[in-house]
Amino acid sequence: MAEGGEQEERVQDAVSKALSYLQKRDRTRRQVELRLAERGIEAGVAEQALEELERLDYVNDERFARNYAEDRRNLDGWGSERIAAKLHEAGVPPSLVAEAAGGRDRDDELAGAVELLSRRLSTAPTDDRERERAFGLLIRRGYEKELAYDAIRAFEREAA
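Right under this line is the structure:
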């Protein structure tokens, strides 16, 4: 019986360490799992702690993915491709990545790209060099190539 109590203590210690890690911001299950491993928590104990954290809704990959995608779109002007790549890196399951990153229709994505261009460029591109610069900006932010071209054309039309 003493072993069961010792195991429960180790699980509670792991939960405590995970909660400390979760204080500043939401994290994925995978991120918490890696953090516990770095802290020397055994895999079985970490798994039990993660199950408890998920049951209490401290760890929720769906919420993380949805909030991360929304924040990166609205605050940083990121496109769906970059959001999907970063969610994948964070260990979000592929089904949730697709749902969160693809949560915008093409018109909204295009409007976001045009808004980014208007914030970052003082005037619409007038030559190929400026268009390439605008295109590079959008690609680095994770917009698809076709959408980036369309956004540049729309930005040029708005500025005209």
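Residue numbering for the sequence shown follows this note's numbering, beginning at 88 and increasing consecutively. Just so it is clear, CB atoms sit at the ideal spot from N, CA and C, and this is done for glycine as well.
Report task. Take Tyr108 as the anchor and find which of Ile170, Val119, Gln99, Val98 has the nearest alpha-carbon. Result -> Val119
Report task. Run the CB neighbour count on Thr210, radius 10 Å, all protein chains shown included, and call it buried at 16 or more, exposed below. Result -> exposed
Report task. Would you tell me roughly how many angstroms separate the C-alpha atoms of Ser167 and Asn147, rounded to the nearest one? Result -> 21 angstroms
**Report entry** Spatial neighbours of Val201 in its chain, beta-carbon cut-off 6 angstroms, leaving aside the 5 residues before and after
**Finding:** Ala238, Ala241, Phe242
Report task. Count the other CB atoms, across all protein chains shown, that sit within 10 Å of the CB of Glu149; report buried if there are 16 or more and exposed otherwise. Result -> exposed
Query raised in the report: Which residue from Tyr145, Gly229, Arg159 puts its Cα closest to that of Lys111?
Result: Tyr145
**Report entry** 8 angstroms Cβ cutoff met for Arg244 and Leu224
**Finding:** no
Query raised in the report: Taking just the CA atoms, how far does Arg117 sit from Glu93?
Result: 25 angstroms
Requested in this report: Classify Lys181 as buried or exposed, calling it buried when 16 or more other Cβ atoms lie within 10 Å of its own Cβ.
Outcome: In the sequence as displayed, the identity of residue 181 is Pro instead of Lys. Exposed is the call here.
Requested in this report: Pull up the CB-CB distance for Leu174 and Ala188, whole angstroms please, since I reckon it's below 8 angstroms.
Outcome: 6 angstroms
**Report entry** C-alpha gap between Ala130 and Ala124, whole angstroms
**Finding:** 7 angstroms
Query raised in the report: Considering only residues of the same chain and omitting the five flanking positions on each side of Met88, which have a CB-CB separation below 8 angstroms?
Result: Confidence in Met88 is poor, its pLDDT being 42 and thus under 50, which makes the residue's placement unreliable; the coordinate value appears in the next sentence. Same-chain partners within the cutoff: there are none.
Query raised in the report: Apart from the five residues just before and just after Arg218, which ones in its own chain have a Cβ nearer than 7 angstroms to its Cβ?
Result: Pro212, Ile239
Report task. Starting from the C-beta of Gly164, find all residues in its chain whose C-beta is less than 6 angstroms away, skip the five residues before and the five after it, and write them out in chain order. Result -> Leu203, Arg228
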